[in-house]
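One point on numbering: in UniProt numbering, the residue at position 409 of the sequence shown is 410, and numbering is uninterrupted.
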Amino acid sequence: MIAYIERFIHENDTESRQGDDLSNICQSLDLQGTIDYVATGIAAKDFGGLYSFNPLAIIRPAGADDIAMAVKAACRSPNLTVAARGNGHSINGQAMAEGGLVIDMRATGENHFKIVTMNGEMFADVSGGALWEDVLKRCVNLAPRSWTDYLGLTVGGTLSNAGVSGQAFRYGPQSSNVTELDVVTGKGDILTCSETENSELFFGALGGLGQFGIITRARVKLQSTPDMVRWIRVVYSEFEDFTHDAEWLVNRPDGVSFDYVEGFVFVNSDDPVNGWCTVPLDPSQRFDQTAIPPTAGYVLYCLEVALHYQNSDHRSAVDMVVNSLLGRLRFAKDLKFQVDVAYVEFLLRLKRVEEHARANGTWDSPHPWLNMFISKRDIADFDRMVFKKLLKEGVGGPMLVYPLLRSKWDDRTSVMIPAEGEIFYIVALLRFTPPYSKDPCVEKLVSQNQEIVQLCMKEGFDFKLYLPHYKSQEDWKRHFGNKWLRFDKNKANFDPMAILAPGQKIFKRIN
Ligand code: FAD
């Protein structure tokens, strides 16, 4: 008993000495921004709501110098880690740092904004902590070419993953649409990098899950904006027809296809969250269930497309382009929905969904989401085994599925996509759970996700997790496959003590 108490006192002494050391290290920081040890709760939460790890402190930096100072202080400490937090929209605690320093990148959101013209091309220099919706607002008459569906995400957060939406078939993900970054490395160095300058850091950081540095500025490619968008949804009963048409559209050259191509699976029922009523684009439109082909099964497929146009374009010319493209598709007659909306309204379309979900409590409830990239070779089997069987009652939210083109993804980045073929599909199971409900409990949904991943492995599908989450380095090695050696080498070069983004659970902090 005495030995136990002695050990207890000794351990507590050691812990409190370490605590004092850490406080001293943090207090020695000469930040222009602020450090908060008390109200740290926000950094222990994310959109997923599945994990919670308390940091030692939140730093609200004034700029890259503050971030570099915090990283250098962590390097001097025995065990501190540092996580950049974008808007905390991760699912599995990726932006958390247990007992470490969380850098609130939103504090730097306004730090950079400049339109740059080079060789006749337009770019915007924006802060890594800026939200994409703020980038959109500031780029009057110009806009980034590649988006995410939801714009309340930060530039640095999506570039550290990929950033995918219905424009990616043409321009690639957001990580293929930047030409220069400013990065604070895990050694506290502030470096500018691009294809030609510090290129290992540039390509490593894109899709690099925050492992090599904290992105403080990005130079984003721009295009001039259309005024309007014709936004269209058409419905299919057969997966084969749906994929045939979606692939036909994404393979057509620029100028002779739609400007946006996505798709989703929904339940062939009147279920208010998963069924027919999720398809019409406007409250005045009605889904006529008698138009569903009699051969339809448990689930149906919706192709969602959009065409850009200017106010000065004749309506009949827009109709002609739309009708000639739709005329080639095999969707169910009478299950076509369309609206004309302003371009900005189209890009901000998920704002309304967010407001609704906030009002009914599902925005703040857990979100056990699963995102994957699956090769074209295996997508029909995935449909048969997963959409048509395991998920035939839906997931309580959108089930996205649409094709992407390998040639638009830069293989030099850290992003992982399936090994084979030009076409692969993104599959996103965006589960919303009702607040205060125990049934189905979140654990069941997480284990259903695991079951789907296991099934893909067992069947030998060619797939990768997007926004990946693994707990062991062995799993990460498998995920990165033949890119692991480069990933590991980049870590040794740019963050040798494994200070950065500990929430990804790829590397352990070196004492
Ligand atoms: P966080 O979740 O805060 O951070 C993500 C990771 O990046 C963490 O490891 C963090 O440490 C690191 N990080 C954050 N900032 C930086 C930085 N400046 N430099 C280096 N590392 C950094 N993804 C898509 O591709 N397409 C979509 O359409 C899409 N829609 C979404 C809709 C919703 C409602 C949600 C919740 C997520 C969506 N996502 C989508 C996923 C999104 O891309 C990721 O959640 C991503 O992590 C961005 O979120 P964030 O900016 O909040 O970053």
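C-beta atoms are modelled at their ideal positions from N, C-alpha and C, and glycine is treated no differently. Fair warning: this is a prediction, and the values are worked out from it, not measured in the lab.
Reference residue i; option with closest CA among the options
i	options	result
ARG432	GLN449, SER177 and GLY422	GLN449
LEU349	CYS76, LYS138, ARG86 and ALA108	LYS138
VAL230	VAL319, VAL280, ASP379 and SER325	VAL319
HIS480	VAL416, PHE425, GLU452 and VAL136	VAL416
THR109	GLN33, LYS337 and GLN28	GLN33
THR226	GLY94, ILE511, VAL39 and PHE347	PHE347
THR35	SER53, PHE54, GLY49 and ALA58	ALA58
GLN311	VAL342, LYS337 and THR291	VAL342
residue 516	ASP190, PRO399 and SER177	Since the first residue shown for the chain is 2 and the last is 512, residue 516 is missing from the structure and cannot be characterised.
SER285	ILE424, ALA163, ARG77 and VAL340	VAL340
LYS222	VAL322, ASN491, GLU181 and GLY157	GLU181
TYR344	ARG316, ARG329, ASP289 and ASP260	ASP260
Residue i CB to nearest heavy atom of ligand 1 below 7 Å
i	result
ARG86	yes
GLN451	no
ASN491	no
PHE168	According to the sequence provided, residue 168 is Gln. The question's Phe does not apply to it. Every heavy atom of ligand 1 is 7 Å or more from the Cβ of GLN168, so no.
TYR151	yes
ALA96	yes
residue 513	Shown here, the chain extends from 2 to 512; a query on residue 513 therefore has no answer.
ASN162	yes
HIS357	no
GLN339	no
ILE116	no
THR159	yes
THR155	yes
PHE488	no
MET417	no
HIS90	yes
PHE265	no
MET373	no
MET458	no
GLY189	no
Range of the contiguous alpha helix (DSSP H) that encloses residue i
i	result
MET458	443-459
GLU134	133-139
LEU351	351-361
VAL396	Per DSSP, VAL396 belongs to no alpha helix (DSSP H) and is neither H nor E.
CYS76	65-77
Residues bridged to residue i [DSSP beta-bridge criterion]
i	result
GLY264	LEU304
MET122	The amino acid occupying residue 122 in the given sequence is Glu; Met does not appear at that position. In the DSSP output, where bridge partners are listed per residue, GLU122 has MET119.
GLY214	THR186
ILE26	ILE26 pairs with nothing; no bridge assigned.
MET229	TYR310 and ALA343
TYR467	ASN372
LYS222	PHE124
PHE425	SER376 and LEU405
ARG234	GLU305 and PHE338
is_contact[residue i, chain C] using C-beta, thresh 8 Å
i	result
VAL342	Given the protein chain composition of this structure (a single chain), no chain C is represented.
Residues near residue i in its chain [Cβ-Cβ closer than 8 Å; skip 5 each side]
i	result
GLY276	PHE267, VAL268, ASN269, SER270 and GLY395
ILE10	Here ILE10 scores only 41 on pLDDT, less than 50, and its place in the model is too uncertain to base an answer on.
GLU452	LEU391
ILE6	Bear in mind that a pLDDT of 36 at ILE6, under 50, signals an unreliable position, so the model cannot answer this.
residue 516	Absent from the model: residue 516. The displayed extent of the chain is 2 to 512, so no value can be given.
MET70	LEU30, ASP31, LEU32 and GLY189
Own chain, CB closer than 7 Å to residue i, minus 5 neighbours either side, in chain order
i	result
ARG86	ALA44, ALA96, VAL103, ILE104, ASP105 and MET106
ARG8	Because ARG8 carries a pLDDT of 41, less than 50, the predicted location of this residue cannot be relied on, and the following value inherits that uncertainty. So no residue of the chain qualifies.
ASN80	ARG510 and ASN512
GLY209	SER161 and SER415
ALA493	none
residue 514	With the chain running from 2 to 512 in the structure shown, residue 514 is simply not present.
Continuous beta strand (DSSP E) stretch holding residue i: start and end
i	result
LEU406	400-406
ILE104	102-105
PHE338	337-343
ARG86	83-86
residue 1	For the chain, the structure presents residues 2 to 512; residue 1 sits outside this window and is missing.
LEU192	191-195
THR35	35-37
LEU143	143-145
Contacts around residue i, its chain only, beta-carbon distance under 6 Å, and the 5 residues preceding and following it disregarded
i	result
PHE204	ARG413 and THR414
ALA74	ILE26 and LEU30
THR82	ALA98, GLY101, ILE500, PRO503 and ARG510
ILE3	Residue confidence for ILE3 is low, a pLDDT of 38 falling below 50, so the modelled location carries little weight; the figure read from the coordinates is stated next. None.
PRO497	none
GLU263	GLY167, GLU305 and TYR403
LYS506	LYS472
GLU12	Confidence in GLU12 is poor, its pLDDT being 47 and thus under 50, which makes the residue's placement unreliable; the coordinate value appears in the next sentence. Once the five neighbours on either side are set aside, GLU12 has no close Cβ partner at all.
ILE191	ALA65, ALA69 and VAL185
ILE60	ILE36, ALA71, LEU102 and ILE104
GLY362	PRO436
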